[in-house]
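S.K.: In my numbering, the protein residues as written are 7 to 480.
For glycine and all other residues, C-beta sits at the position ideal for the given N, C-alpha and C.
1. Would you check if the segment 333 to 341 and the segment 400 to 410 touch, i.e. whether three or more CB-CB distances between them fall below 8 Å?
2. Do three or more CB pairs link the segment 369 to 385 to the segment 229 to 237 at distances below 8 Å?
3. Looking only at its chain, what residues have a beta carbon closer than 6 Å to the beta carbon of residue 454, apart from the 5 residues adjacent to it on each side?
4. At which residues does the alpha helix (DSSP H) containing residue 34 begin and terminate?
5. For residue 479, collect the residues of the same chain with a Cβ closer than 6 Å to its Cβ; drop the 5 residues on either side in sequence, then sort them by chain order.
6. With a threshold of 8 Å, are at least 3 pairs of Cβ atoms found where one atom belongs to the segment 389 to 400 and the other to the segment 246 to 259?
7. Could you check which residue in 256, 444, 349 has the C-alpha nearest to that of residue 30?
8. When the Cα atoms are used, what is the spatial distance from residue 423 to residue 417?
9. Cβ of residue 343 within 7 Å of Cβ of residue 131?
10. Assuming residue 415 and residue 111 make a contact with CB atoms under 8 Å, what is their CB distance in whole Å?
11. Do residue 128 and residue 166 count as a contact pair if the criterion is CB distance below 7 Å?
12. List the DSSP bridge partners of residue 338.
13. How close, in whole Å, do the beta carbons of residue 39 and residue 473 come, if the pair is a contact with beta carbons under 8 Å?
14. Let's test the definition: count the other Cβ atoms within 10 Å of the Cβ of residue 99 and tell me whether it reaches 16, buried, or not, exposed.
15. Which term fits residue 70, buried or exposed, when burial requires 16 or more other beta carbons within 10 angstroms of its beta carbon?
16. Where does residue 259 land, buried or exposed, given buried means 16+ other C-beta within 10 angstroms?
17. Take the Cβ of residue 314 as the centre, count every other Cβ of all protein chains shown within 10 Å, and call the residue buried at 16 or more, exposed below.
18. Can you tell me the Cα-Cα spacing of residue 282 and residue 67, whole angstroms?
19. Which residue from 266, 136, 72 puts its Cα closest to that of residue 3?
20. Mapping the DSSP letters down to three states, classify residue 467 as helix, strand or coil.
21. State the Cα-Cα distance for the pair residue 145 and residue 56, rounded to the nearest angstrom.
22. Let me know if residue 50 comes out buried or exposed under the rule of 16 or more other beta-carbons within 10 Å of its beta-carbon.
23. Counting only runs that start and end within the segment 339 to 386, where is the alpha helix (DSSP H) found for 4 or more residues in a row?
24. Roughly how many angstroms lie between the CA atoms of residue 151 and residue 160, to the nearest whole one?
25. For residue 154, collect the residues of the same chain with a Cβ closer than 7 Å to its Cβ; drop the 5 residues on either side in sequence, then sort them by chain order.
26. Please give me, in chain order, every unbroken run of the beta strand (DSSP E) with length at least 3 that falls completely inside the segment 192 to 272.
27. Within this structure, are the beta carbons of residue 340 and residue 346 separated by less than 7 Å?
28. From residue 189 to residue 392, what distance separates their C-alpha atoms?
29. Determine the extent of the alpha helix (DSSP H) in which residue 304 is found, giving its start and end residues.
30. Please report the straight-line C-alpha distance between residue 216 and residue 186, rounded to a whole angstrom.
31. Short of 7 Å in beta carbon distance, which residues of its chain neighbour residue 122, apart from the five on each side in sequence? Order them along the chain.
32. Using a threshold of 6 Å, is the CB atom of residue 318 nearer than that to any non-hydrogen atom of the ligand MN?
33. I need the DSSP call for residue 479, collapsed to helix, strand or coil.
34. Could you tell me the alpha carbon to alpha carbon distance between residue 278 and residue 246, rounded to whole angstroms?
35. How long is the line joining the alpha carbons of residue 296 and residue 239, rounded to whole angstroms?
36. For residue 331, name the three-state secondary structure that DSSP assigns.
Here it is, written out as structure tokens:
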């Protein structure tokens, strides 16, 4: 059996190798076309950074979350160098997220090796690395989300300070990415349940967690009031997105643009432009683009669509569940499967969503008796809550990414897996992994569709043309 000193030495080597891997990945992406000239949402974020710096935000309520570009706008760098700055910032958030996974896994499984195992796996998880280097808010928001979970789940004695800090973190996560709103609504209840599980029911726990969430949303509402004269605590893009994700003809995997707009100004969202065009087509070409009226229209259109054929919608939701479990990373601006082949550090990385799901399932079956049951149950509740929000919209790679660190926490329990010698254990494992593997890796309902790859090729050509690289553009 290795000595404690040897274990520490091996751990230091493993951590060092992981950090080198992360750094080399950042360098590889920074030299790529997309690293130098971002496209779509990443380009839009750069446009917002410039507007915020020049104090030229449109005099209207926030259409999308602006905490992330607002943070980038505070950094003393030019817009042209911001893609590289955002890359470094994103990788820093990713490494911090891995450290937070360590604390969660260590607490849930009552094991330091489990903690390090979960952290190291997440640190080299290629999908998380892929998004961390882009000018996108998901990595930053995921770090805040995990920080909130650590504050609420890991302290041995819950206190008002930890609960307030957890509320601040999840509140900021919502401001960065409203997809965390459902989780923010559930966390006050989680805090109360955990207080009971640890010996003393605290009726004040929901208050301490919920207070900073409410104050942060109130602050965003006041900012909206100051900019536009309209008090709104959340961006207003959700109504059309919800309709587009659930209407007749929706694929449930990703948003399909119905119109192609040429020469949209940087920072102008094509989805918003499409929603306005469709609204005026439905209501009248001269209809005013009043936000409340448009939102009400899309909510009513969705209700009518679902009620007209509820079985169609239930079938769509069932397919979304399958897509959620499936290993294939669904299209979101870019196709992960296509882009992965362009980068050597991603191409040869064997980790993926399916691997995490299978290992997590094994860990939960064989290690459940060794864990903090309440901590694991609350982590599961939080994961299900976030997954419900994903299912309401699109099961795209970026939307489901925050579930990956939770899978790493669950998978860390594999440290308790004993050699499969007994016939019953072998049969149980095969009986568990075989059907789950079919679900995860099967091409159910077109889950592994490569039809989006042409979009990646077009976007790479656009990125190359922005850099006057005619050879690659062609």
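M.R.: Walking through what the data contain:
1. yes
2. Touching, no.
3. Position 448 of the chain shown, counted from the start, is the residue given in the question as residue 454. The answer, listed in chain order, is 334.
4. If you number the chain shown from 1, residue 34 lands on position 28. Run containing residue 34: 10 to 36, per the alpha helix (DSSP H) assignment.
5. Working through the chain shown from its first residue, we reach residue 479 at position 473. In this prediction, residue 479 has a pLDDT of 49, which is less than 50 and means its spatial position is unreliable; what the coordinates show is noted afterwards. Cβ within range, chain order: 467, 470, 471.
6. yes
7. Your numbering for residue 30 matches position 24 in the chain shown. The residue with the shortest Cα to Cα distance from residue 30 is 349.
8. Here residue 423 refers to the residue found at position 417 of the chain shown. Here residue 417 refers to the residue found at position 411 of the chain shown. Their Cα atoms are separated by approximately 11 Å.
9. Along the chain shown, one-based indexing puts residue 343 at 337. Along the chain shown, one-based indexing puts residue 131 at 125. Taking 7 Å as the Cβ cut-off, residue 343 and residue 131 do not qualify as a contacting pair.
10. Position 409 of the chain shown, counted from the first residue, corresponds to residue 415. Position 105 of the chain shown, counted from the first residue, corresponds to residue 111. The pair is a contact, with the Cβ atoms about 5 Å apart (cut-off 8 Å).
11. Position 160 of the chain shown, counted from the start, is the residue given in the question as residue 166. Position 122 of the chain shown, counted from the start, is the residue given in the question as residue 128. In this structure, residue 128 does not lie closer than 7 Å to residue 166 by Cβ.
12. Start at 1 with the first residue of the chain shown, and residue 338 comes out as number 332. Looking at the DSSP assignment, residue 338 forms a beta bridge with 340.
13. Residue mapping note: residue 39 aligns to position 33 of the chain shown, counting from 1. Residue mapping note: residue 473 aligns to position 467 of the chain shown, counting from 1. Yes, they are in contact, since the Cβ atoms of residue 39 and residue 473 sit about 7 Å apart, within 8 Å.
14. Translated into the one-based positions of the chain shown, residue 99 becomes position 93. The residue in question, residue 99, is buried, as its Cβ has 16 or more Cβ neighbours within 10 Å.
15. For the purposes of this step, residue 70 is taken as residue 64 along the chain shown, with counting starting at 1. It is buried - the Cβ of residue 70 has at least 16 other Cβ atoms within 10 Å.
16. Along the chain shown, one-based indexing puts residue 259 at 253. That one is buried.
17. Position 308 of the chain shown, counted from the first residue, corresponds to residue 314. Exposed.
18. Residue numbering aside, residue 282 sits at position 276 when the chain shown is read from its first letter. Residue numbering aside, residue 67 sits at position 61 when the chain shown is read from its first letter. Using only the alpha carbons, I get a separation of about 15 Å.
19. There is simply no residue 3 to check, as the chain begins at 7 and stops at 480 in what is shown.
20. For this step, residue 467 is matched to residue 461 along the chain shown. Helix, per DSSP.
21. Taking the chain shown and counting its residues from 1, the one referred to as residue 145 is at position 139. Taking the chain shown and counting its residues from 1, the one referred to as residue 56 is at position 50. Approximately 21 Å between the Cα atoms of the pair.
22. Translated into positions along the chain shown, residue 50 becomes position 44. That one is buried.
23. Look at the segment 339 to 386 and you find these whole runs of alpha helix (DSSP H), each 4 residues long or longer: 342 to 346, 350 to 353, 359 to 373.
24. Locating residue 151 in the chain shown gives position 145, counting from the first residue. Locating residue 160 in the chain shown gives position 154, counting from the first residue. Spanning the alpha carbons of residue 151 and residue 160 requires a straight line of approximately 14 Å.
25. The residue labelled residue 154 in the question sits at position 148 within the chain shown. Correct list, in chain order: 172, 175, 176, 179, 193.
26. none
27. As a first step, residue 340 is located in the chain shown; it is residue number 334 there, counting from the start. As a first step, residue 346 is located in the chain shown; it is residue number 340 there, counting from the start. Result no, Cβ atoms of residue 340 and residue 346 do not sit closer than 7 Å.
28. The sequence position of residue 189 within the chain shown is 183, counting from 1. The sequence position of residue 392 within the chain shown is 386, counting from 1. The alpha-carbon atoms of residue 189 and residue 392 are separated by roughly 6 Å.
29. By one-based count along the chain shown, residue 304 stands at place 298. Taken as a continuous stretch (DSSP letters only), the alpha helix (DSSP H) holding residue 304 covers 297 to 314.
30. Walking along the chain shown from the start, residue 216 turns up at place 210. Walking along the chain shown from the start, residue 186 turns up at place 180. It is roughly 14 Å from the alpha-carbon of residue 216 to the alpha-carbon of residue 186.
31. Counted from its first residue, the chain shown places residue 122 at position 116. So the list reads 17, 108, once near-sequence residues are dropped.
32. As for the ligand MN, it is missing from this structure, which has no ligand bound.
33. Along the chain shown, one-based indexing puts residue 479 at 473. Summary for residue 479: the model assigns pLDDT 49, below 50, so the residue's position carries little reliability; its value from the coordinates is reported in the next sentence. Three-state DSSP puts residue 479 in a helix.
34. For the purposes of this step, residue 278 is identified with residue 272 of the chain shown, where counting begins at 1. For the purposes of this step, residue 246 is identified with residue 240 of the chain shown, where counting begins at 1. Each residue's alpha carbon lies about 8 Å from the other.
35. One-based indexing of the chain shown puts residue 296 at position 290. One-based indexing of the chain shown puts residue 239 at position 233. Answer to the nearest angstrom: the Cα atoms are 17 Å apart.
36. Residue mapping note: residue 331 aligns to position 325 of the chain shown, counting from 1. DSSP places residue 331 in helix when its eight states are reduced to three.
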